[in-house]
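A.B. asks: Dumping the structure here so I can ask a few things about it.
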Amino acid sequence: MKYLLLFALLFLVLWIVRKNRERTSAPPPPAARPPERMVTCAYCGVNLPLSESVHSGNRHYCCVEHQHSGETRER
Numbered sequence: 000m001k002y003l004l005l006f007a008l009l010f011l012v013l014w015i016v017r018k019n020r021e022r023t024s025a026p027p028p029p030a031a032r033p034p035e036r037m038v039t040c041a042y043c044g045v046n047l048p049l050s051e052s053v054h055s056g057n058r059h060y061c062c063v064e065h066q067h068s069g070e071t072r073e074r
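Here numbering that gives the first Met the number 0 is used: the first residue of the sequence shown is 0, the next is one more, and so on.
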């Protein structure tokens, strides 16, 4: 009988420890970011977020190389 009580107590302690680990180890979900305006690269046509684009006047480019190529193509 004493082994049964000892086994039940051990099981209860392990169950509590495991539950506490699950609760503390789970990272909080990332905060949702608001949607961002998408723009199109004036050189290649790829869509990208406004914050990641390279601005030149009223045109948007996906990278500096496309900005330089687009500006030389306009001339």
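Using N, Cα and C, we set each Cβ at its ideal position, and we do this for glycine too. Just so we're clear, the structure is a prediction, and the values are computed from it rather than from any experiment.
Which term fits V38, buried or exposed, when burial requires 16 or more other beta carbons within 10 angstroms of its beta carbon?
C.D. replies: As a working mapping, residue 38 is identified with position 39 in the sequence shown. Under this definition V38 is a buried residue.
A.B. asks: At the level of alpha carbons, what is the spacing between L47 and A41?
C.D. replies: In the sequence shown, the residue the question calls residue 47 occupies position 48. In the sequence shown, the residue the question calls residue 41 occupies position 42. Between L47 and A41, the C-alpha separation is close to 11 angstroms.
A.B. asks: Which term fits Y60, buried or exposed, when burial requires 16 or more other beta carbons within 10 angstroms of its beta carbon?
C.D. replies: The residue you call residue 60 lines up with position 61 of the sequence shown. Y60 should be labelled buried.
A.B. asks: Would you say G69 and S52 are within 9 angstroms of each other, going by their C-beta atoms?
C.D. replies: Along the sequence shown, read from residue 1 onward, the residue named residue 69 stands at position 70. Along the sequence shown, read from residue 1 onward, the residue named residue 52 stands at position 53. It is not a contact, given that the beta carbons lie outside the stated cut-off.
A.B. asks: What does the alpha-carbon distance come out to for the pair L49 and R20?
C.D. replies: By 1-based counting over the sequence shown, the position of residue 49 is 50. By 1-based counting over the sequence shown, the position of residue 20 is 21. Computed Cα separation, rounded: 41 angstroms.
A.B. asks: Rounded to a whole number of angstroms, what is the C-alpha to C-alpha distance between V16 and A30?
C.D. replies: Position 17 of the sequence shown, counting from 1, holds the residue named residue 16. Position 31 of the sequence shown, counting from 1, holds the residue named residue 30. Those two C-alpha atoms are separated by around 29 angstroms.
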